Amino acid sequence: MSPVEILERVDSSTARPTAEQMRQACLEAEKAGKKEKESYAFEQLEGNWRLCFITGTKKTQKNAGPVMGAGRYLPKLASISLSYTPREKPQENSGETFAAGTITNDIKFAGIHLSVSGPAKFLSPQNIMTFDFTRMAVRVYGVQLFDSFIRKGEASEVSFYQRKVGQQAFFSYFLVRETVIAARGRGGGLAVWGRSPS
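Written out as structure tokens, the structure reads:
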């Protein structure tokens with residue numbers, strides 16, 4: 003079975019690969035991606051993706067040791083999803099070639115719904131998605147408790163597209179397919195998402 007075929011089973015309810023198989027498939031797919039230099043487009047990332055598997059950052063891997071192991075699947079009891087939507091590229095920007103968008107990260111557990119969102123930009127052919135979470139919304143059993151900018155978010159949103167990649171958080175995507183995407187984060191961790199229903 004190829005690394006891509008293994009990663010495509012990340013959200014399988016039956017023949018799900020082991021954590022070690024997933025980690026190894028990520029490393030092999032990442033290596034192949036660098037060699038083949040496949041370029042992706044923002045449009046391929048649009049939509050909703052459920053976070054299924056993580057290895058943690060290099061720091062957490064070192065600190066967690068056997069606890070983190072090869073990585074771990076996220077329990078389906080707690081839903082963590084990521085979504086990208088396009089937006090118009092602002093006139094004032096860093097001069098890099100990119101597609102502009104919005105990122106939203108939703109965490110749902112029991113009756114609690116936490117959502118953080120903000121601007122994003124996808125640089126191709128590097129396959130790098132930079133982002134900044136500038137807003138947060140909190141709902142408990144459908145009741146809105148909070149919805150506003152966070153961490154000087156309003157100012158950060160204004161200057162986001164003028165900043166270079168080295169100044170921003172990012173995911174470096176090494177696999178983008180119809181049902182699965184995989185990336186390495188700035189901190190060195192690996193993550194795999196499965197396509198969620200719209």
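Going by our numbering, the sequence shown opens with residue 3, and the numbers climb by one from there. Glycine residues also receive a C-beta, built at the ideal position from the N, C-alpha and C atoms. Note that the structure is predicted; figures quoted are calculated from it, not measured.
- With a 10 Å radius around the Cβ and a threshold of 16 neighbouring Cβ atoms, Leu53 comes out buried.
- Collapsing the DSSP output to three states places Ser161 in a helix.
- Shown here for Leu116: same chain residues with a beta carbon closer than 6 Å to its own, the five before and five after excluded, namely Ile109, Val140 in chain order.
- The closest CA to that of Ser41, considering only Leu125, Gly155, Gln169, Lys154, is found on Leu125.
- Between Glu10 and Thr181, the CB-CB gap stays under 7 Å.
- The residue among Val145, Thr16, Thr57 with its C-alpha nearest the C-alpha of Ala27 is Thr57.
- Spatial neighbours of Val118 in its own chain (CB-CB distance under 6 Å, excluding positions within 5 residues in sequence) are listed in chain order as Asn107, Phe135, Met138.
- Judged by DSSP in its simplified three-state form, Pro5 adopts helix.
- Residue burial annotation: Pro121 is buried, with at least 16 other C-beta atoms found within 10 angstroms of its C-beta.
- For Ser119, DSSP records a beta bridge to Thr106, Arg137.
- Taken through DSSP and simplified to helix, strand or coil, Gly58 comes out as coil.
- Residue environment analysis places Glu45 among the exposed positions, since fewer than 16 neighbouring C-beta atoms fall within 10 angstroms of its C-beta.
- Pairing Phe176 with Gly187 gives a Cβ-Cβ distance that is not under 7 Å.
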